[in-house]
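**Q** Before I ask anything, let me first share the structure, which is written out below as structure tokens.
Numbering (UniProt numbering), first residue to last: 1 to 536.
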């Protein structure tokens with residue numbers, strides 16, 4: 001007699017309340033809200049980084065000694081207007097701190113050079129002690145930097161503050177991509193992965209906006225809020241389930257995953273996939289990748305070389321120099337627009353990356369990168385012609401709107417592809433075994449390039465003029481176009497195996513091998529229906 005089928009037992013009574021407890025008493029059965037929340041919290045770090053990038057554009061005009069006049073800046077004010085943003089010690093004596101343009105270039109650039117050495121340390125901490133610990137260790141220098149800057153009354157203290165900001169910024173490029181990749185679902189991973197650049201650009205925009213309305217000291221006090229907000233919010237975020245599984249903390253991993261999936265009960269399948277992925281990685285060998293592994297095969301060498309060239313294209317197009325010294329460019333803008341020039345450029349940055357996020361998965365990577373470079377080339381050419389004519393005594397006063405228009409187009413073009421796609425492509429052209437060390441090595445190289453661009457921008461504009469600097473950055477954009485057309489493989493909608501094979505063997509050889517396989521397959525005799533029946 002057949003037994004009556006019984007429905008599966010309900011989940012333990014404490015499962016749902018535990019998930020609800022983690023969500024603060026509210027249970028979201030199928031919500032992705034926790035994943036968006038986790039991404040938003042970790043990307044507060046990039047908002048702070050955006051503050052640091054744009055800081056020099058609003059602070060250096062206030063700090064630089066008025067003796068260094070010239071075509072750009074040197075008047076000690078923001079956009080040529082004295083809005084009372086002097087740096088003082090907080091007393092009635094109004095004791096001002098002034099610096100030279102050379103010192104100002106160090107304040108702008110020290111953020112980036114101080115980020116190079118700690119990247120290896122943060123990578124180790126993230127792998128050894130977890131994503132949560134890494135986040136706290138990033139938050140500490142960020143908080144210290146903001147507090148020091150708010151109460152700084154000397155060049156040395158400001159320098160230390162900027163260096164601490166660089167140390168923290170080094171860690172975010174290790175933590176944020178890894179944490180997002182390990183905590184969000186595949187369906188929204190690409191969108192939330194690009195959220196990093198959006199938050200950075202929002203930070204730049206907020207800095208420009210606050211710098212328009214606040215005094216220097218008021219801005220520095222406000223800058224304390226984001227790092228403190230991150231440290232407090234980070235406490236409520238879960239550890240990465242993948243890291244917990246690597247520590248054999250299966251129960252804690254399940255608990256974290258349930259929170260991230262809105263308290264859903266159907267997370268065991270996803271947990272099993274994570275464990276299978278870890279088992280596969282262990283079966284390939286427990287030895288960590290080294291620098292030697294980056295050059296072990298033709299494909300890995302080519303991928304590493306492509307990564308360096310893409311970083312050069314991304315940074316030597318001059319973006320960080322331009323956004324750090326906008327006051328030097330917009331000193332030439334029309335009086336009507338110059339007070340809002342920074343804000344308009346910041347808004348274009350946010351709009352550009354927001355639009356790009358919607359089309360990244362719909363248009364080929366190479367097409368977007370080419371479009372991005374061609375827009376930057378055309379706008380840099382426009383700027384170079386304008387400043388070349390001005391440098392040689394031609395009257396360009398009727399074109400005072402041109403620098404702002406060209407700059408807006410430049411940052412839109414940068415955001416369209418070159419801003420975020422290189423890091424996306426880097427994650428797609430390396431095998432999982434060497435991906436971490438490849439990204440770390442490339443990141444250190446990128447920080448150094450940003451330092452060079454930011455440090456040399458004032459000197460370059462003084463020696464060869466801003467038009468000469470534009471020509472220099474244009475040359476690197478043209479090199480980027482060559483790399484994209486001739487060397488870079490298309491990675492959109494392609495499997496990792498296909499991309500790695502193309503890098504290893506070359507596209508022509510792969511196509512030839514594929515054609516030979518098809519021809520060999522066609523040589524097999526086709527059996528008739530009668531022959532099939534006889535074989536059966």
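Every residue gets a Cβ at the ideal spot worked out from N, C-alpha and C, and that includes glycine.
Can you tell me whether residue 99 is helix, strand or coil according to DSSP?
**A** In the structure shown, residue 99 sits in a strand (DSSP, three-state: E or B).
**Q** Look at residue 126 and residue 196 and say whether their C-beta atoms are less than 9 Å apart.
**A** No, the Cβ-Cβ distance between residue 126 and residue 196 is not below 9 Å.
**Q** By a C-beta neighbour count over all protein chains shown, 10 Å radius and 16 as the cutoff for buried, is residue 278 buried or exposed?
**A** Residue 278 is exposed by the Cβ-count criterion.
**Q** Are the Cβ atoms of residue 454 and residue 161 separated by less than 9 Å?
**A** No, the pair does not count as a contact, with Cβ atoms beyond the cut-off.
**Q** Spatial neighbours of residue 52 within its chain, please: C-beta separation below 7 Å, excluding the five flanking residues on both sides.
**A** If we look at residue 52 and ignore the five residues flanking it on each side, its Cβ neighbours are 111, 165, 169.
**Q** Just to confirm, is the Cβ distance from residue 346 to residue 208 under 9 Å?
**A** For residue 346 and residue 208, yes; Cβs fall inside 9 Å.
**Q** Using the rule of at least 16 other Cβ atoms within 10 Å of the residue's Cβ for burial, across every protein chain shown, is residue 267 buried or exposed?
**A** Classification for residue 267: buried.
**Q** Excluding the 5 residues preceding and the 5 following residue 357 in the sequence, name in chain order all residues of the same chain whose CB lies nearer than 7 Å to its CB.
**A** 191, 194, 198.
**Q** Which residues does DSSP pair with residue 449 in a beta bridge?
**A** According to DSSP, which records beta bridges pairwise, residue 449 is partnered with nothing at all.
**Q** Thinking just about the alpha-carbon of each residue, which of 46, 311, 408, 353 is nearest to the one in residue 416?
**A** Taking only the C-alpha atoms, the option nearest residue 416 is 353.
**Q** Applying the 10 Å Cβ sphere with the 16-neighbour rule, what's the burial state of residue 272?
**A** Counting Cβ neighbours within 10 Å, residue 272 comes out exposed, since fewer than 16 surround it.
**Q** Got a sec, what are the start and stop residues for the alpha helix (DSSP H) residue 208 sits in?
**A** Counting along the chain, the alpha helix (DSSP H) containing residue 208 begins and ends at 195 to 213.
**Q** Using the rule of at least 16 other Cβ atoms within 10 Å of the residue's Cβ for burial, across every protein chain shown, is residue 392 buried or exposed?
**A** When all chains shown are included, residue 392 counts as exposed.
**Q** Assuming residue 327 contacts residue 45 (C-beta within less than 8 Å), just tell me the rounded distance between them.
**A** About 26 Å separates the two Cβ atoms, so there is no contact after all.
**Q** What's the gap between the Cα of residue 342 and the Cα of residue 258?
**A** For residue 342 and residue 258, the distance between alpha carbons rounds to 43 Å.
**Q** When you compare the segment 372 to 383 with the segment 400 to 412, are there three or more beta-carbon pairs, one atom per stretch, that lie closer than 8 Å?
**A** Enough Cβ pairs lie closer than 8 Å, so yes.
**Q** When you compare the CB positions of residue 434 and residue 300, do they come within less than 9 Å of one another, or not?
**A** Going by C-beta atoms, residue 434 is nearer than 9 Å to residue 300.
**Q** How about residue 413 and residue 202: do their beta carbons lie closer than 9 Å?
**A** Cβ atoms of residue 413 and residue 202: not closer than 9 Å.
**Q** Near residue 134, what residues of its chain come up, given a Cβ to Cβ distance below 8 Å and the 5 sequence neighbours on each side ignored?
**A** Correct list, in chain order: 122, 125, 126, 171, 174, 175.
**Q** The alpha helix (DSSP H) that contains residue 267, what's its start and end?
**A** Counting along the chain, residue 267 falls outside any alpha helix (DSSP H), and DSSP gives it neither H nor E.
**Q** Can you list, in chain order, the residues of its chain whose CB lies under 7 Å from that of residue 348, leaving out five sequence neighbours each side?
**A** Taken in chain order, the residues that qualify are 408, 411, 412.
**Q** Under a three-way DSSP split, which group does residue 64 fall into?
**A** Residue state, collapsed to three classes: strand.
**Q** Check whether the segment 478 to 490 and the segment 308 to 319 are in contact - that is, three or more C-beta pairs closer than 8 Å.
**A** The segment 478 to 490, when compared against the segment 308 to 319, does touch it at the 8 Å Cβ threshold.
**Q** Residue 370 and residue 487: beta carbons closer than 9 Å?
**A** Taking 9 Å as the Cβ cut-off, residue 370 and residue 487 do not qualify as a contacting pair.
**Q** So, for residue 25: in the same chain, excluding its five sequence neighbours on each side, which residues have a beta-carbon less than 6 Å away from its beta-carbon?
**A** The predicted model places residue 25 with a pLDDT of 40, which falls under 50 and marks its position as unreliable; any figure quoted below should be read in that light. Cβ within range, chain order: n/a, list empty.
**Q** Measure the C-alpha to C-alpha separation of residue 253 and residue 304 and round it to an integer number of angstroms.
**A** Distance between the alpha carbons of residue 253 and residue 304 is about 34 Å.
**Q** So the alpha helix (DSSP H) residue 391 belongs to, where does it begin and stop?
**A** That run of the alpha helix (DSSP H) goes 365 to 391.
**Q** Where does residue 296 fall in DSSP's three states?
**A** It is coil, neither helix nor strand.
**Q** Output the distance between the C-alpha atoms of residue 427 and residue 290, rounded to the nearest integer angstrom.
**A** Taking the straight line from one Cα to the other gives about 17 Å.
**Q** Report all residues from its chain with a CB closer than 7 Å to the CB of residue 152; omit the five preceding and five following residues, and keep chain order.
**A** Result list for residue 152: 158, 161, in chain order.
**Q** Looking only at C-alpha atoms, which of 205, 40, 140 sits nearest to residue 180?
**A** For residue 180, the nearest C-alpha among the options comes from 40.
**Q** Do residue 99 and residue 63 count as a contact pair if the criterion is CB distance below 9 Å?
**A** Closer than 9 Å, so yes.
**Q** Quick check on DSSP: helix, strand or coil for residue 493?
**A** Coil at residue 493, not helix or strand.
**Q** Would you mind working out which of 467, 475, 419 sits nearest residue 200, comparing C-alpha positions?
**A** Of the listed residues, the one whose Cα sits closest to residue 200 is 419.
**Q** Report the residue from 113, 225, 239, 146 whose alpha carbon sits nearest the alpha carbon of residue 131.
**A** When each option's Cα is compared against that of residue 131, the closest is 239.
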